[in-house]
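Residue numbers (the working numbering), protein chains in the order written: chain A, 148 to 452; chain B, 4 to 282.
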């Protein structure tokens, strides 16, 4: 009997211990990041986030071009991805014949399983040449007066990054949207149809209206993924720390500057500046995914009852 | 009439959206299958890379490296993840449990490159060298939340009646969990582990400055170690055609591994659950 009690205690104790370890890792994470960002924070203060110069030689570091590149590429990607993902979620949940739903949703989720470095390679060897030879000349000739399509084009650049990002976040957004659509009770749909709505009107009123907060959250989760995406973007965005609103111009993101320069950072301040960029990037993704998760949780629970 | 047109347009848009998403998927898979399949041969699996510019050679060291890194990551993150999952599933209905759940979710959302910096600070700075340990640590952080949250969910899916039956027989809490709850949750937990491994096979960013990559065989875990995704990255951005071919071959192997693991996970979910008492 005593042996049993000891076993119980040991078992429960080790489970608690594991949880405390996970918790401690979080504390360590914050502690170490703040500690290693300090030299940069002390030297540059808040101007770090607003300074557009990135000059490792004279140790003058500003993160604005990277913050701009990350935010610009991610929001554009979301703009493309959100309507597509909604269309996919509606198709899979409301329109497709039953036999089609499982295989098609498996294929869409396969997009999430492909490693990011392979997206990058596909971007370099397949997507960029198509953009350079066919898409960008056309856009430049016909829409060149817009700042979005101004300047010379190389294939590699903001446009490739945006397109690849928007493909990569489709599975995230569409699967969350599907969860949310599933939570809409069928009575809502039947009500819509019974008053003579067409299928689209029914979907718009009964499904989309009811889920709009959830769709917002799904977009936030997708955005969180896009902000932190590293390899694919690094390989196709062109890696030039300049702020340009043209989709043809090369850009640089927070994740890619870390990926490219972390091992080459020779001085403490350089390394610290990159660490600070990493910490800011973490806080940005944390903000979006945390809020979205809270909304999704509340929403899927409240709609069931 | 207008409503009908609108309806048809919307239906068409949804269908086109699916096609638009599947075109890149098919394009990527075809490229990998054709270019990668053509470049794959026995040498790829048994040789190390040749000096740049020379043709031939393979990625044997990178394949072993990736397996080593997965092993190291599993070694600490699977036990820790399962125990944390057990805590959440069995004792976690309190404030700390709520908090831990959020902490794990957020951990799953940390950009992988940031995890790389963390592993660099914890391992590379004190050891003063890139190492397999640092890479394994970084990959483990990505795996941990997947394993922990699946374990928790699987434990919660075990019906209350089964526990009640155990309690009615006077079985102690430890034996109830160990022999009864965990037994029926095992297929699910294994699925979680496989999904976790499938996630880290292709991770490149957290390895850039932890495992670092190596063109030769590693002789100890305290050294930089090669990994399949790192090698694919290095080769893809290089100017050599032969390296590009090998990068496609490497991608082929990675995608194949990821697909096999996802399919196994799916099969376990579909088969394993009907066999055990969960349904």
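For every residue, glycine included, the Cβ atom is placed at its ideal position computed from N, Cα and C.
Asked: Contacts of residue 378 of chain A in chain B (Cβ-Cβ under 7 Å); Found: 207, 208, 236
Asked: Chain A residues whose Cβ lies nearer than 7 Å to that of residue 34 of chain B; Found: 269, 273
Asked: Contact set between residue 173 of chain A and chain B, taken where Cβ atoms lie within less than 7 Å; Found: 106
Asked: Through-space distance from residue 250 of chain B to residue 41 of chain B, alpha-carbon basis; Found: 12 Å
Asked: Best match in B:127, B:253, B:266 for proximity to residue 268 of chain A [C-alpha to C-alpha]; Found: B:253
Asked: Segments assigned alpha helix (DSSP H), at least 4 residues, entirely inside the region 251 to 308 of chain A; Found: 263 to 269, 283 to 290
Asked: Classification of residue 101 of chain B by the beta-carbon crowding that lies within 10 angstroms, buried from 16 upward; Found: exposed
Asked: For residue 81 of chain B and residue 182 of chain B, the rounded distance between their alpha carbons; Found: 19 Å
Asked: Reference residue 104 of chain B, options B:166, B:190, B:152, closest by Cα; Found: B:152
Asked: Any non-hydrogen atom of the ligand MG within 7 Å of residue 207 of chain B CB; Found: Judged by which ligands are present, the structure shown has none, so any question about the ligand MG falls away.
Asked: DSSP three-state assignment for residue 318 of chain A, whether helix, strand or coil; Found: helix
Asked: Bridge partner(s) assigned by DSSP for residue 228 of chain B; Found: B:215
Asked: Length at least 3, wholly inside the region 52 to 90 of chain B: the beta strand (DSSP E) runs in chain order; Found: none
Asked: Residues that residue 207 of chain A bridges to, as DSSP identifies them; Found: A:202
Asked: 6 Å CB neighbourhood of residue 380 of chain A in its chain, flanking five on each side removed; Found: 308, 400, 403
Asked: Coil, strand or helix - residue 173 of chain B by DSSP; Found: coil
Asked: Residue 257 of chain B at chain A interface by Cβ criterion, 8 Å; Found: yes
Asked: Identity of the residue in A:417, A:384, A:221 nearest residue 190 of chain A by Cα; Found: A:417
Asked: Which of helix, strand or coil DSSP assigns to residue 112 of chain B; Found: helix
Asked: For residue 160 of chain B and residue 188 of chain B, the rounded distance between their alpha carbons; Found: 8 Å
Asked: Against chain B: residues of the region 389 to 410 of chain A by CB proximity under 7 Å; Found: 402, 405, 406, 409, 410
Asked: Other residues of its chain near residue 280 of chain B: CB distance less than 6 Å, five sequence neighbours each side excluded; Found: Confidence at residue 280 of chain B is low in this model, with a pLDDT of 44, below 50, so the placement of that residue should be treated as unreliable; the coordinate-derived value is given next. Same-chain partners within the cutoff: 187.
Asked: Chain B contact for residue 425 of chain A (CB, 8 Å cutoff); Found: yes
Asked: Any chain A beta carbon closer than 8 Å to residue 31 of chain B; Found: yes
Asked: Per-residue contacts from residue 345 of chain A into chain B (C-beta, under 7 Å); Found: 6, 7, 10
Asked: Simplified DSSP assignment, three categories, for residue 95 of chain B; Found: coil
Asked: With 16 other Cβ atoms within 10 Å as the buried cut-off, status of residue 419 of chain A; Found: buried
Asked: Closer than 8 Å to chain E by CB, residue 281 of chain A; Found: Given the protein chain composition of this structure (A and B), no chain E is represented.
Asked: Straight-line gap, residue 108 of chain B to residue 199 of chain B (C-alpha atoms, nearest Å); Found: 14 Å
Asked: Straight-line Cα distance separating residue 312 of chain A from residue 179 of chain A; Found: 30 Å
Asked: Rounded separation between residue 20 of chain B and residue 239 of chain A - CA only; Found: 11 Å
Asked: Chain-ordered chain B contacts of residue 149 of chain A [CB-CB under 9 Å]; Found: None at all; the shortest Cβ gap to chain B is about 12 Å.
Asked: Limits of the alpha helix (DSSP H) - the one that residue 257 of chain B falls within; Found: 244 to 270
Asked: Chain B residues whose Cβ lies nearer than 9 Å to that of residue 217 of chain A; Found: Those within 9 Å of residue 217 of chain A in chain B number zero; the least Cβ separation is about 10 Å.
Asked: Status (buried if at least 16 other CB within 10 Å, exposed otherwise) for residue 12 of chain B; Found: exposed
Asked: Inter-residue Cα distance where the pair is residue 93 of chain B and residue 156 of chain B; Found: 11 Å
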